[in-house]
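**Q**
Pasting the structure below:
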């Protein structure tokens, strides 16, 4: 199990309330708002942390650049290098298949 899989496993072991709290905590350090693909719709919907939560079906329709490989969370979990553009293509786990 790699670092990312361990994080997902640990978060899924939490109660729903604690899991939601942890996700919001991670969203607080998320750099998605600095990405050229990020837009006002995603901001209004508080859509972030696509590496974990998966793609955005409503707001993000076009890739205008990708900051995923430079994200401190992605770097700390050794993700974002092979798979990225999570907002369009799905979470790390979804892209791994």
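Residue numbers (the working numbering): 113 to 209.
A virtual CB, placed ideally from N, CA and C, is assigned to each residue, including glycine.
This structure is a prediction, so every number in the text was calculated from the model and none was measured.
Which whole-angstrom value is the C-beta distance of residue 154 and residue 168, which I expect to be below 8 Å?
**A** Rounded, the Cβ-Cβ distance is 6 Å, consistent with contact.
**Q** Is it true that the region 194 to 202 meets the region 122 to 140, where meeting means three or more beta-carbon pairs spaced less than 8 Å apart?
**A** No, because fewer than three Cβ pairs between the region 194 to 202 and the region 122 to 140 fall closer than 8 Å, the two stretches do not touch.
**Q** Select from 113, 114, 117, 145 the residue whose C-alpha is nearest the C-alpha of residue 176.
**A** Residue 145 is the option with its Cα nearest to residue 176.
**Q** Is the beta carbon of residue 157 sitting closer than 8 Å to the one on residue 171?
**A** Taking 8 Å as the Cβ cut-off, residue 157 and residue 171 qualify as a contacting pair.
**Q** On a Cα-Cα basis, can you pick out the residue from 114, 206, 113 that is closest to residue 164?
**A** If we check each option's Cα against that of residue 164, 206 comes out closest.
**Q** Tell me which residue opens and which closes the alpha helix (DSSP H) that residue 173 is part of.
**A** Looking at the DSSP string, residue 173 is not in any alpha helix (DSSP H), and its letter there is neither H nor E.
**Q** Anyone know if the C-beta pair for residue 161 and residue 142 falls short of 8 Å?
**A** Yes, they are a contact pair.
**Q** Determine the burial state of residue 192: buried for a count of at least 16 other Cβ atoms within 10 Å of its Cβ, exposed for fewer.
**A** By the 10 Å Cβ count, residue 192 comes out buried.
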